[in-house]
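K.L.:
Residue numbers for the sequence shown follow the working numbering, so the first one is 620 and each next one is one higher. We put the beta carbon where it would ideally sit given N, CA and C, even for glycine.
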Amino acid sequence: MLDANERLQAYYQELRQHHLGPLWNSIGRLMTEEPTPRAQAYLWRWQDVYRYVMESGDLVTPDRGGERRVVFFMNPGFESLEPWGWGALTNTLYAGIQLLKPGEKAPSHRHNQNAIRFIIQGSGAATIVEGERVVMEPGDFLITPAGLWHDHVHSGSEPMLWLDSLDVPMLYQLGVMFFERYPQFNQPVTKPDSYTTKRYTASGLRPLQDRRSSYAPQAVFKWQRTRNALDQLSLLEPDPYDGFAVEYINPVTGAAAGITIGAMMQKLPPGHHTLAHRHVHSTIYHVFRGQGNSVINGIRFSWRQGDTFVVPNWAWHEHAASGGEDAYLFSTNDQPVMEKLGLEREEPYPAGQQTVEGEFSG
Ligand code: GTQ
C-alpha cells in the first residue's frame with residue numbers, strides 16, 4: 620500500500636507525463652508577489668563591444684540572408700533560452716550595434732517588429748524607409764515602424780555605427796512574428812530627401828494629411844533639435860528621477876514615436892544626482908556622451924561614453940553624472956506596452972537615494 624505522500628508524489632508524476640500541472644503546488648512561482656524578470660541589471664563596456672563590432676566588419680558582409688551586420692546584446696538572464704533568449708536584453712526588448720562600411724548596402728525587408736535607431740558615429744549613410752532616404756548623423760533618432768520596407772546604404776567615407784532596438788523578444792513570446800524580404804536588394808527611393816522632417820518644422824502644427832497617420836509621420840528626430848530642446852529645458856527644473864529629459868513622440872498623437880518602444884534622451888549636468896524610483900517597465904540605456912554612474916538595486920554601475928546597460932522591470936535606479944561635461948543618456952523602454960496593457964506602476968524610493976552595497980564589475 621502507498622502512504623498518502625507516496626500517492627501524492629505518484630500523482631504529480633502522472634500529471635507531468637500527461638502535460639498537466641497542480642496549481643496548488645505552483646502558484647507561488649506562477650504568480651510572484653512582485654515582478655521577477657529574467658532580465659538582470661548588466662552593463663557592456665564600449666571598448667569590448669566596439670572591438671567585436673569592428674571585427675565583424677572584417678569577417679562578414681550584410682548579404683541577403685544574413686540581412687544585417689549587427690552584434691546584439693544578450694542579457695545573461697536569458698542565455699539558456701533559445702532562440703528568443705538570444706535576442707533579449709529585457710523581457711520585451713532587443714538591442715544591437717549595427718555596422719555599415721563605406722560603399723556597403725544592407726538589403727530591404729519588412730517585419731511586424733517595430734524598430735528604432737540611435738546613431739552613434741560616422742556620416743554618409745542613410746536608411747531608406749518606405750521610399751524615403753533618411754540621412755543618419757550622430758545623435759539622430761530614427762524610427763522604422765512595423766510593416767515598412769527598409770534598407771540601408773552608405774556613400775560616405777567612414778564606418779557608420781548605430782544602436783538598433785526592436786521589440787523582438789515580445790513578439791516572439793506572443794507568437795506573432797512575421798518577416799518578409801523585398802524582391803530586389805534595395806527598394807527604389809520615391810520621395811525627396813528629408814521629406815518627413817520638412818513636414819514638422821514647428822511643434823504643435825500638424826499637416827492636414829497626417830491626421831490619420833497610423834505611425835509617426837516623422838522618420839528622424841535630428842540631434843541638433845533634441846539638444847536645443849534639452850538646453851532650453853535645463854534652464855528650468857529637472858525631473859526628479861531623470862534630470863532634464865525628453866521623450867521621442869509621434870507629433871500627431873502624442874504617443875511614443877516607436878509605437879511599442881518608448882525612447883528618451885536625458886541630460887545630466889556635471890554633479891547632477893537624481894532621486895531613485897522603480898517602475899514596471901524595463902529600460903535599455905546607451906551613454907551617448909559623458910560619464911557617471913547609475914545605482915541599480917543597490918549596485919553601482921559606472922559608465923562612460925558608448926556603454927550600454929539595462930534596468931530590468933521593477934528595479935530601483937538613480938543616475939549621476941561625474942566629470943566635467945554634461946552626460947547624455949539615450950534610452951529605450953517598454954513603457955508604451957505596459958501603459959496600453961494597464962500594467963504600469965511607479966514607486967519613489969522612500970529614502971530618496973539608495974545606499975551603495977557593491978560595484979558592478981561584469
Ligand atoms: O536594420 O533592419 O538590429 O531588421 C535587427 C533586425 C536591425 C535592421 C537589427 C533588423 C535590423
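Starting from ASN952, follow the beta strand (DSSP E) in both directions and report where the run begins and ends.
P.N.:
Residues 946-952.
K.L.:
Taking Cβ to Cβ, would you say ALA934 is nearer than 7 Å to ALA629?
P.N.:
Cβ atoms of ALA934 and ALA629: not closer than 7 Å.
K.L.:
Any heavy atom of the ligand GTQ closer than 6 Å to the CB of ARG687?
P.N.:
ARG687 Cβ: within cutoff of the ligand GTQ.
K.L.:
Could you work out which residue in GLN837, SER813, ASP812 is closest to LEU824 when comparing CA atoms only?
P.N.:
Ranking GLN837, SER813, ASP812 by Cα distance to LEU824 puts GLN837 first.
K.L.:
Select from ASN710, GLU686, ILE735 the residue whose C-alpha is nearest the C-alpha of LEU719.
P.N.:
The residue with the shortest Cα to Cα distance from LEU719 is GLU686.
K.L.:
Of the residues MET755, GLU756, ILE735, LEU887, which one's Cα is nearest the Cα of ILE903?
P.N.:
Ranking MET755, GLU756, ILE735, LEU887 by Cα distance to ILE903 puts ILE735 first.
K.L.:
Between GLY873, GLY909, ILE868, GLU866, which lies nearest to LEU887 when the distance is taken from Cα to Cα?
P.N.:
Minimum Cα distance to LEU887 is reached at GLY909.
K.L.:
Buried or exposed: where does HIS638 fall if 16 or more other Cβ atoms within 10 Å of its Cβ makes it buried?
P.N.:
Exposed, by the Cβ-count rule.
K.L.:
So which of ASP783, GLY917, PRO807 has the shortest CA-CA distance to ALA882?
P.N.:
For ALA882, the nearest C-alpha among the options comes from ASP783.
K.L.:
Roughly how many angstroms lie between the CA atoms of SER832 and GLY750, to the nearest whole one?
P.N.:
Roughly 16 Å between the two C-alpha positions.
K.L.:
Return helix, strand or coil for ASN912, following the three-state DSSP convention.
P.N.:
Three-state DSSP puts ASN912 in a strand.
K.L.:
Return the CA-CA distance between SER645 and PHE804, expressed in angstroms with no decimal places.
P.N.:
Distance between the alpha carbons of SER645 and PHE804: 50 Å.
K.L.:
Would the beta-carbon of VAL672 fall within 7 Å of that of ILE738?
P.N.:
Result no, Cβ atoms of VAL672 and ILE738 do not sit closer than 7 Å.
K.L.:
With 16 as the cutoff for other CB atoms within 10 Å, does ASN847 come out buried or exposed?
P.N.:
When all chains shown are included, ASN847 counts as exposed.
K.L.:
Let me make sure I understand the geometry here. Which of LYS724, PHE697, ARG664 has the alpha-carbon closest to that of ASP682?
P.N.:
Closest by alpha carbon: LYS724.
K.L.:
Would you mind giving the Cβ-Cβ distance between ASP770 and PRO726, rounded to the nearest angstrom? I have them listed as a contact below 8 Å.
P.N.:
At roughly 6 Å, the Cβ-Cβ gap stays under 8 Å, so ASP770 and PRO726 are in contact.
K.L.:
Quick one: measure Cβ to Cβ for VAL871 and THR845, integer angstroms, because I've assumed they're closer than 8 Å.
P.N.:
That pair is no contact at about 19 Å.
K.L.:
Thinking C-beta only, is THR680 closer than 7 Å to SER901?
P.N.:
No, the pair does not count as a contact, with Cβ atoms beyond the cut-off.
K.L.:
Going by the beta-carbon positions, is the gap between LEU712 and ASP926 smaller than 7 Å?
P.N.:
The answer is no: Cβ separation not under 7 Å.
K.L.:
If I'm right that LEU894 touches TYR947 with Cβ under 8 Å, what's the distance once you round it to whole angstroms?
P.N.:
The Cβ separation is near 20 Å, so there is no contact.
K.L.:
Between MET779 and VAL906, what straight-line distance do the alpha-carbon atoms span, to the nearest angstrom?
P.N.:
One C-alpha to the other measures close to 17 Å.
K.L.:
Mark PHE797 as exposed unless 16 or more other C-beta atoms lie within 10 angstroms of its C-beta, in which case mark it buried.
P.N.:
The residue in question, PHE797, is exposed, as its Cβ has fewer than 16 Cβ neighbours within 10 Å.
K.L.:
What is the DSSP secondary structure of LYS841, counted as helix, strand or coil?
P.N.:
Coil.
K.L.:
Is ASP861 a contact residue of the ligand GTQ, with contact defined as CB to any heavy atom under 6 Å?
P.N.:
ASP861 Cβ: outside cutoff for every heavy atom of the ligand GTQ.
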